[in-house]
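Numbering (our numbering), first residue to last: 1076 to 1302. This report refers to the structure that appears directly beneath it.
Below, the structure is given as structure tokens:
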């Protein structure tokens, strides 16, 4: 089992060694100048992390909480992406003590690129393993004034397919149906489009009777044959 400090040091060394200023320029521009980058493309980053895991081993879950918080304190965006790379395979093994940390990360350096793995992949996996926490968590997030938590509430069941709590999904979307926030409306449409893959008639019925933002309608019905 790796020491978390050794793991962080090894990761920093490979990130710095593989930095590409030209890639970093375009990656930063794509993210609207919000974040700095080393300039390491996603497949390369994933392979580097895989190699470090093989060489060093992975810190235990308690130490990984410290590591995840450390990653979100770093300047370059690849550190935040590393949390998704490392933690997604472990998501269903996480116990409820991880929820406060994951919520903290959702509202730290928030943008769609991190929220969209923290919510459906990490929180979604944890809550699928602890279903009694799903509704209380999503309903608390959807009532938040932070629109990234609202987005997280809507997307947390994105990968659930037939295990989706339909009532909860529709309740969260309805609660923010009057939102003018792009990222909330886009999330609602995305969540409905995904759910429509397994429940098309339910999505049709919901969108027919619920007043939603035009963007939400557009995204939700994108792959449905309209009457």
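Heads up, the beta-carbon is just placed ideally off N, CA and C, and yes, glycines get one too.
Is there a Cβ of chain D sitting closer than 8 Å to that of residue i, yes or no?
i            : result
residue 1115 : The chain labelled as chain D is not found in the depicted structure, where only one protein chain is given.
Do you know offhand how far residue i's Cα is from residue j's?
i            : j            : result
residue 1143 : residue 1180 : 8 Å
residue 1287 : residue 1090 : 43 Å
residue 1133 : residue 1146 : 15 Å
residue 1087 : residue 1123 : 11 Å
residue 1235 : residue 1081 : 36 Å
residue 1289 : residue 1221 : 22 Å
residue 1209 : residue 1076 : 31 Å
residue 1195 : residue 1232 : 6 Å
residue 1297 : residue 1268 : 7 Å
residue 1104 : residue 1176 : 29 Å
residue 1277 : residue 1174 : 30 Å
residue 1239 : residue 1203 : 10 Å
residue 1119 : residue 1280 : 44 Å
residue 1225 : residue 1099 : 30 Å
residue 1215 : residue 1227 : 11 Å
residue 1219 : residue 1292 : 23 Å
residue 1294 : residue 1250 : 18 Å
residue 1096 : residue 1114 : 6 Å
residue 1162 : residue 1106 : 23 Å
residue 1125 : residue 1282 : 43 Å
Can you tell which of the options has the C-alpha that lies nearest to the C-alpha of residue i?
i            : options                : result
residue 1223 : 1209, 1263, 1089       : 1263
residue 1217 : 1206, 1156, 1230       : 1230
residue 1094 : 1106, 1085, 1116       : 1116
residue 1171 : 1159, 1108, 1211, 1276 : 1211
residue 1285 : 1252, 1198, 1297, 1161 : 1252
Starting from residue i, trace the alpha helix (DSSP H) in both directions and tell me its first and last residue.
i            : result
residue 1098 : 1096–1105
residue 1217 : 1209–1217
residue 1159 : 1152–1162
residue 1242 : 1241–1250
residue 1226 : 1222–1230
residue 1178 : 1174–1181
Pop quiz: residue i and residue j are said to be a contact at Cβ under 8 Å. What is the actual Cβ separation, rounded to whole angstroms?
i            : j            : result
residue 1248 : residue 1271 : Not confirmed; about 13 Å, so no contact.
residue 1101 : residue 1187 : Going by Cβ atoms, the distance from residue 1101 to residue 1187 rounds to 18 Å, so no, they are not a contact pair.
residue 1149 : residue 1189 : Contact doesn't hold; Cβ gap of about 13 Å is too wide.
residue 1112 : residue 1151 : 6 Å
residue 1197 : residue 1246 : About 22 Å separates the two Cβ atoms, so there is no contact after all.
Within the same chain, show all residues whose beta-carbon is closer than 6 Å to that of residue i, passing over the 5 residues directly before and after it, in chain order.
i            : result
residue 1302 : Bear in mind that the predicted position of residue 1302 carries a pLDDT of just 47, short of 50, making it unreliable; the figure below should be weighed with that in mind. Closer than 6 Å at the Cβ level, and outside the excluded window around residue 1302, lies no residue.
residue 1137 : none
residue 1185 : 1223
residue 1158 : 1143, 1146
residue 1140 : 1176
Can you list, in chain order, the residues of its chain whose CB lies under 7 Å from that of residue i, leaving out five sequence neighbours each side?
i            : result
residue 1244 : 1232, 1266, 1270
residue 1083 : 1142, 1145
residue 1260 : 1254, 1288, 1290, 1291
residue 1256 : 1222
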